[in-house]
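A short write-up of the structure that comes next.
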Amino acid sequence: MKRLLKAGFHAPSAMTLKFALSLVLSCAFLPGLDAADYADVEARETDRRDARLDGVGTQIKKAVELRDAGRFKEAVEVCAAALQETQTLEWGNGPMAVDTRKNIRSLEADIRARWGQSLIMPARTLIHDAYSDAAKDTAVSSEKAKKAIELAREARSVSPTSREAAEQIIKMGEKLLNSNNYVEKSTLETLDPDNASRKEQIAVYLREAAIFYKSKQYAKARDVLERVLILDPYNEKAVYDLKKVYQRLYRIAELRRENDMLEHRSESEWKWNNSFLPRGDQLVDERGPQEAVHEGKAKMYEKLQSIVIPNVEFSDQSITTIVSALTKLSKMHDPEGKGIIIVYSPSDKDMQEVSLSFSNIPVGEIIRYLCQYTKLKYKVEDNAVRIASEGIDDMDTRYFKMRSDVYARLTGQKLTDNSRKSDKKTLQLGETSSTSKDDFFDDIAKGEKTENQVDAKASLEALKKYFEVRGIRFEPGAMISYDERTGRLTVKNTPDYLRAMENLLREIDIVTPLVLIEAKFLEINVTDLEELGFDWTMTRDNSNPKWMTGIANSETGKIPFDGAQMFETLVRHYGGSDTIGTTDSASNPAALINNLNIMPNFGPNGAYNVFLTVNAIDQSDRGETLSAPKLIVVSGMNATIEFAKQMYFPDSWNDPEVTTSNNTYLYTPPYPDFGDATSVGVTFSVTPYVSPNNHTIELTLTPKILDLVGWTEYQYDIIIGSTRSQRAAMKMPELAVREIDTRVKVYNGETIVLGGILEDSSSQLDDKFPFLGDVPLLGRLFATQAHRQSKRNLMIFVTTRIMNLDGVPVKTNADNGLFDFNR
59 MKRLLKAGFH APSAMTLKFA LSLVLSCAFL PGLDAADYAD VEARETDRRD
109 ARLDGVGTQI KKAVELRDAG RFKEAVEVCA AALQETQTLE WGNGPMAVDT
159 RKNIRSLEAD IRARWGQSLI MPARTLIHDA YSDAAKDTAV SSEKAKKAIE
209 LAREARSVSP TSREAAEQII KMGEKLLNSN NYVEKSTLET LDPDNASRKE
259 QIAVYLREAA IFYKSKQYAK ARDVLERVLI LDPYNEKAVY DLKKVYQRLY
309 RIAELRREND MLEHRSESEW KWNNSFLPRG DQLVDERGPQ EAVHEGKAKM
359 YEKLQSIVIP NVEFSDQSIT TIVSALTKLS KMHDPEGKGI IIVYSPSDKD
409 MQEVSLSFSN IPVGEIIRYL CQYTKLKYKV EDNAVRIASE GIDDMDTRYF
459 KMRSDVYARL TGQKLTDNSR KSDKKTLQLG ETSSTSKDDF FDDIAKGEKT
509 ENQVDAKASL EALKKYFEVR GIRFEPGAMI SYDERTGRLT VKNTPDYLRA
559 MENLLREIDI VTPLVLIEAK FLEINVTDLE ELGFDWTMTR DNSNPKWMTG
609 IANSETGKIP FDGAQMFETL VRHYGGSDTI GTTDSASNPA ALINNLNIMP
659 NFGPNGAYNV FLTVNAIDQS DRGETLSAPK LIVVSGMNAT IEFAKQMYFP
709 DSWNDPEVTT SNNTYLYTPP YPDFGDATSV GVTFSVTPYV SPNNHTIELT
759 LTPKILDLVG WTEYQYDIII GSTRSQRAAM KMPELAVREI DTRVKVYNGE
809 TIVLGGILED SSSQLDDKFP FLGDVPLLGR LFATQAHRQS KRNLMIFVTT
859 RIMNLDGVPV KTNADNGLFD FNR
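Numbering-wise (this note's numbering), the sequence shown opens with residue 59 and increments by one.
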């Protein structure tokens with residue numbers, strides 16, 4: 059294919075220079091060639107260039123076909139290869155080369171533009187769809203956005219003309235990806251993975267709470283709903299249901315509070331007051347002995363009684379062996395592990411053998427039995443117990459409480475006030491009595507009252523003789539004395555005699571018992587009132603339906619209501635001592651339907667009216683009056699407790715006086731004379747007698763209740779002169795007395811009930827219109843029926859207890875359980 063080259067002036071390029079140089083060299087060798095060879099070389103060169111030009115054209119054509127087929131990447135590659143081909147041709151920069159390259163570049167630009175458009179269009183569609191799917195499924199939306207971004211980035215890289223659109227699509231896609239990522243991270247499933255399981259659990263709890271609420275198990279329902287609020291603090295249904303549960307619980311709590319209040323009130327009213335009993339370690343029997351020893355000896359006495367030997371067996375053993383064994387056994391069974399030191403001083407007479415057998419007995423008792431059996435003596439000291447046949451003072455000193463009246467009774471002599479005031483309060487008999495002569499005569503020299511001392515000495519001699527007669531001997535060294543100020547008897551003697559004296563004093567020092575008497579007066583008043591009545595009234599020229607008499611008004615011709623006298627009163631509105639009704643008066647009606655004008659203004663001139671009044675009441679009244687006196691009295695003494703108010707009532711009335719002077723009458727009305735005050739209330743008088751065995755108490759009871767129930771007025775007329783009379787009135791009180799005078803015997807700590815003071819009154823009213831009230835069914839509209847019943851009952855509960863002087867009951871109350879109703 060032949061192509062014409064256009065000539066023109068242009069700057070030679072390097073390729074052109076090379077071509078020209080080669081042409082010059084070729085021409086230099088041309089003279090050596092013949093004409094035929096030259097022509098052949100030129101033809102071959104021309105064919106080679108034409109072939110290469112045909113290859114570039116083919117590549118351009120192929121690129122156009124690939125572009126039209128949408129294979130833009132291959133088309134661009136072909137264009138690049140064609141452009142590279144033109145670069146390898148030794149065309150230089152001639153017009154043809156420039157146009158060919160320009161055409162190739164234009165074709166490549168067109169291909170890239172179409173390639174970019176082919177990528178931008180689906181990218182736009184995908185980004186649009188991604189935005190549409192963002193609200194439905196963020197995962198699908200994000201996937202489409204990513205694909206759109208990939209297409210846009212590819213379009214931006216392959217097509218400069220589509221770069222702006224691609225940037226916009228990339229920006230929109232990244233924005234959508236960030237939004238979808240935020241939505242996915244802020245979803246409930248992401249933020250709270252346990253939400254679904256928790257909702258299922260909440261649903262189960264709500265259903266369970268509903269079942270508990272329906273079955274009235276409100277506490278369990280509350281617990282379940284509180285679990286729901288722990289899982290979901292803002293659950294509306296749980297909050298609402300919990301509110302209902304708390305309201306139910308509050309109502310139940312109110313009822314429980316009321317019941318507890320009634321229980322505590324009833325308990326405080328009816329439960330007998332029990333004294334607080336001291337603990338066992340606080341109880342001290344004042345009549346028992348008190349050791350006159352210091353702390354060391356007291357601890358030794360305590361150890362002798364606290365160390366208990368489980369089993370002791372001695373058979374034909376010497377005293378030394380037994381004492382040694384007792385020392386080891388005491389150490390073995392002593393909780394402190396120290397034991398008791400027993401010192402035995404044998405003598406020539408103590409060579410006997412002893413057999414002993416004990417079980418569960420204190421060491422002190424074993425030593426006492428051993429010494430009693432072997433005729434030995436023992437002495438308890440601070441750190442040891444000494445045993446010997448001689449040389450030991452086995453006497454102890456103890457203190458006993460003895461009341462002055464017991465002392466006077468045993469000595470047969472009363473203690474005078476002078477003896478109580480004497481300075482010499484203690485006189486000893488026995489060993490120390492012989493050593494007091496100097497002091498005795500010194501007191502005489504000082505001029506003191508020695509007669510009292512002589513009397514006290516004689517009293518102690520009588521006391522000593524009293525005990526000696528009863529087997530308590532006072533060996534040499536023994537001593538007895540009595541301190542009148544403290545009421546303490548000091549005795550020094552052997553342990554056996556001290557023990558006997560303790561038992562004897564317990565028998566003779568008998569305290570007159572005190573009796574605690576608790577009484578409860580319960581008065582119950584019950585009043586039941588029922589009434590249903592229909593009252594029909596027809597009036598003429600009267601706006602008030604009551605029938606009345608009085609002075610009619612001159613202008614209206616009607617009787618004023620305020621100054622009228624009622625002929626007819628209703629049960630509902632009037633009540634008195636002899637009638638049934640409430641305290642409402644007829645002038646202030648309060649009926650259910652009061653004076654309803656059923657037929658107003660009928661008859662001639664509209665002067666007649668028919669009124670209806672309906673009276674209805676259903677009333678129940680209950681009142682309880684409780685009085686609970688409590689007192690302590692010595693057996694055999696009378697005691698009276700009174701809680702009442704003092705009121706003065708007239709005992710009599712003086713006659714009225716009328717005096718005449720110069721046709722002038724002077725009238726003096728009657729006046730009352732008042733006596734002593736009268737106790738209006740409860741008076742409780744009782745005299746208890748305790749039996750010798752302290753098991754039963756005989757009571758003489760005289761309870762009395764005095765009430766003021768009203769006044770009675772007595773009226774009479776006094777004639778003054780011949781035409782004038784004066785009405786005089788006198789009032790006397792109406793007193794209701796309820797009194798019981800009885801003698802009963804009860805066990806200690808038991809309760810008796812005194813009742814039967816019952817007053818029951820019943821009233822019945824049946825008022826109806828004749829004939830109309832007998833009509834079946836309708837007759838009830840023309841009748842009035844009322845019933846009133848009143849009961850008044852007085853019960854007295856009395857509980858007695860024998861008390862010690864310290865206020866502690868002699869015997870605690872036993873729980874007897876429920877009463878045997880089948881007995």
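The C-beta atom is built at its ideal place from N, Cα and C for all residues, glycine as well.
Quiz item: Would the beta-carbon of Arg785 fall within 9 Å of that of Ile763?
Solution: no
Quiz item: When you compare only the Cα positions, how much space is there between Lys869 and Phe707?
Solution: 47 Å
Quiz item: What does Ala697 pair with, by DSSP beta-bridge criteria?
Solution: Val744
Practice problem: Measure the C-alpha to C-alpha separation of Thr717 and Ala794 and round it to an integer number of angstroms. | Solution: 39 Å
Self-check item: Three or more C-beta pairs below 8 Å linking the segment 203 to 212 and the segment 174 to 182
Solution: yes
Quiz item: Which of helix, strand or coil does DSSP assign to Asn161?
Solution: helix
Quiz item: Rounded to a whole number of angstroms, what is the C-alpha to C-alpha distance between Asn721 and Phe732?
Solution: 34 Å
Quiz item: Is the segment 809 to 829 in contact with the segment 553 to 570, if contact means three or more CB pairs nearer than 8 Å?
Solution: no
Self-check item: First and last residue of the uninterrupted alpha helix (DSSP H) at Asn551
Solution: Premise fails: Asn551 lies in the beta strand (DSSP E), 546 to 551, not in any alpha helix (DSSP H).
Exercise. Give every residue of the same chain whose Cβ lies closer than 8 Å to the Cβ of Ala65, excluding the five residues on either side of it in the sequence, and list them in chain order.
Key: Residue placement at Ala65 is flagged as unreliable, the pLDDT there being 34, under the threshold of 50; a coordinate-derived value is accordingly withheld.
Quiz item: When the Cβ atoms of the segment 534 to 551 are set against those of the segment 435 to 450, are three or more pairs found closer than 8 Å?
Solution: no
Self-check item: Under 9 Å between C-beta atoms of Thr857 and Thr809
Solution: yes
Practice problem: Would you mind sorting Trp173 into buried or exposed? The rule is 16 or more other CB atoms within 10 Å of its CB. | Solution: buried
Practice problem: Within the same chain, show all residues whose beta-carbon is closer than 7 Å to that of Ser737, passing over the 5 residues directly before and after it, in chain order. | Solution: Glu700, Ala702, Gln704, Leu764
Quiz item: With distances taken from CA atoms, which of Val303, Pro553, Pro368, Pro714 is nearest Asp454?
Solution: Pro553
Exercise. Between the Cα of Val691 and those of Met790, Phe525, Arg280, Ile755, spot the shortest distance and give me the residue it belongs to.
Key: Ile755
Quiz item: Using CA coordinates, which residue listed in Ser719, Glu284, Asn317, Ile288 is at the minimum distance from Lys302?
Solution: Glu284
Quiz item: Counting along the chain, where does the alpha helix (DSSP H) carrying Asp463 start and finish?
Solution: 462 to 469
Self-check item: Close Cβ partners of Ser612 (< 7 Å) along its chain, the five nearest in sequence each way excluded
Solution: Residue confidence for Ser612 is low, a pLDDT of 49 falling below 50, so the modelled location carries little weight and cannot support an answer.
Exercise. Quick one: grab the DSSP three-state call for His186.
Key: helix
Quiz prompt | As assigned by DSSP and simplified to three states, the class of Asn720 | solution = coil
Quiz item: Straight-line CA distance for Asn253 to Glu266?
Solution: 20 Å
Practice problem: Taking Ala127 and Cys137 to be in contact with their CB atoms under 8 Å, please state how far apart those CB atoms are, rounded to whole angstroms. | Solution: That belief does not hold up - the Cβ atoms of Ala127 and Cys137 are roughly 14 Å apart, past 8 Å.
Exercise. May I ask you to list the residues that DSSP assigns as paired with Gln704?
Key: Ser737
Practice problem: Determine the direct distance from the alpha carbon of Pro687 to that of Lys550, and round the result to whole angstroms. | Solution: 49 Å
Quiz item: Contact check, Lys459 vs Arg323 under 8 Å by CB: the rounded distance?
Solution: Between Arg323 and Lys459 the Cβ distance is about 43 Å, and since that is not below 8 Å, they are no contact.
Practice problem: Would you kindly report the start and end of the unbroken beta strand (DSSP E) that includes Ala577? | Solution: 572 to 598
Quiz item: Using a Cβ-Cβ cut-off of 6 Å (strictly less than) and excluding sequence neighbours within five positions of Ser415, which residues of its own chain qualify?
Solution: Glu371
Quiz prompt | Beta-carbon proximity of Ala261 to Tyr271, cut-off 9 Å | solution = no
Quiz item: Span of the beta strand (DSSP E) holding Asp775?
Solution: 754 to 778
Quiz prompt | Of the residues Phe742, Arg309, Val672, the one placed nearest Arg838, counting alpha carbons only | solution = Val672
Quiz item: Rounded C-beta distance between Ile380 and Leu428? I'm assuming under 8 Å.
Solution: 7 Å
Quiz item: Hey, quick one: how far does the beta strand (DSSP E) through Gln843 stretch, first residue to last?
Solution: 841 to 861
Practice problem: Starting from Phe669, follow its DSSP beta bridges and name the residues at the other end. | Solution: Thr595, Asn655
Quiz item: Should Pro761 and Ile798 be called a contact, given that it needs their Cβ atoms to be closer than 9 Å?
Solution: yes
Exercise. For Gln677, count neighbouring C-beta atoms within 10 Å of its own C-beta (all shown protein chains included) and say buried if the count is 16 or more, exposed if not.
Key: exposed
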